[in-house]
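Below is one structure, written out as structure tokens; comments come after it.
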Amino acid sequence: MSVSPSQHELLTRANEALLQGMQTLGIEVEAREGAILCVGTPLQVLCHEVVVSGEGSIVSLAIHLALGSQRSDPVISECVAGFASDFDAALTNAVTNWMLSVLLTAMAWHNSDACPAHMASSENREFPDRSGQMRSWCIVSSPALAMGDFEGDPQTMDTKETLMPLFAELTRAPKMHWVKAFVTHLPGGQNNGDCTVDNITSEKGKRLLFSSRTLARPPMLRQFHILCPLESEAVEEDLANAKPQARPSFWARLRGMKH
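Residues are numbered in my numbering as their position in the sequence shown, beginning at 1, plus a constant of 658.
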């Protein structure tokens, strides 16, 4: 009778897979104090939860990506799943889905020259702030990842344009945001899935994604976006407002621990 691996063993394998996957993409990394550091950037990575289902064919990872080493720096918390015939392949699939959405977008946001940052796209747009003054923003987007079995060429929605009304609301104050779009195509022509803003479910984002044109192919689509104000004064205001009054230490936050 086989014994299921412990959560500690699963976390060890998941973080090793993250380290190896990032190295395979040509990213220089270093393991330090239980996290993975992307050399040349302030980015720090840690998988803090692994859920295995489907007799090992489905692996879900909860991954923290700290955007810096200071207590006030944001931490992107993202859950991503991998599907395959066995655990190792499903784990690799989950890691790849995370790297090609969250990681490369964050690396491009940091103007990293390392692969795979060049795979992300960036665009400057203007949005009105709360006073009606137009402000410049940079939107960095990952490629749209087509997942699942389908025939023919993929027909995918542009989640950036679909979510533009949500972006217009988010940019009324000079604060950085990150947005995850995950869409599934259901029998009958409806869309389902999830949209999160700064790690929190966005009902407006979900409504926009679900009301968009249906996805004929592929059955699943994932895309990640980072929105950042461009004006220096806006960035300074954002950082000043972001400082918490009382929070756990950086490494405690990265590991998902509480006081």
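Beta carbons: idealized from backbone N, C-alpha and C, even for Gly.
None of these values were measured; they are calculated from a predicted model.
Nonlocal neighbours in the same chain, by C-beta distance under 6 Å from Asn850, ignoring five residues either side: Thr842, Leu844
Three-state secondary structure assigned by DSSP to Arg905: Note that Arg905 scores a pLDDT of 40, beneath 50, so its modelled location is shaky; the value from the coordinates is reported in the next line. Coil, per DSSP.
Residue environment, Gly712, which counts as buried when at least 16 other CB atoms sit within 10 Å: Counting Cβ neighbours within 10 Å, Gly712 comes out exposed, since fewer than 16 surround it.
Note down, in chain order, each residue of its chain lying with its Cβ closer than 6 Å to the Cβ of Arg880, except the 5 sequence neighbours on either side. Ser759, Leu803, Phe840
Need the endpoints of the alpha helix (DSSP H) that Met834 sits in, please. Where Met834 is concerned, there is no enclosing alpha helix (DSSP H), given that its DSSP letter is neither H nor E.
With distances taken Cα to Cα, identify the nearest neighbour of Lys862 among Gly726, Arg793, Glu827. Glu827
Contact set for Trp756: own chain, Cβ-Cβ below 7 Å, skip 5 residues either direction: Leu719, Ile721, Glu736, Val738
My output table needs one value for Met659: the three-state DSSP class, helix, strand or coil. Unreliable placement is indicated for Met659, whose pLDDT of 47 sits below 50; the coordinate value is still reported in the next sentence. In the structure shown, the three-state DSSP call for Met659 is coil.
To which residues of the same chain is Ala675 closer than 8 Å at the C-beta, ignoring the five residues directly before and after it? Excluding sequence neighbours, Ala675 sits near Leu749, Thr750, Val753.
Spatial neighbours of Leu669 within its chain, please: C-beta separation below 8 Å, excluding the five flanking residues on both sides. Cys705, His706, Glu707, Val708
Does Asn782 come out as helix, strand or coil in the three-state DSSP assignment? strand
For Arg690, does the three-state DSSP call read helix, strand or coil? strand
Buried or exposed for Pro786, going by 16 or more other Cβ atoms inside 10 Å? exposed
Tell me which residue opens and which closes the alpha helix (DSSP H) that Arg671 is part of. 665-682
What separation, rounded to the nearest whole angstrom, lies between the Cα atoms of Leu824 and Leu866? 8 Å
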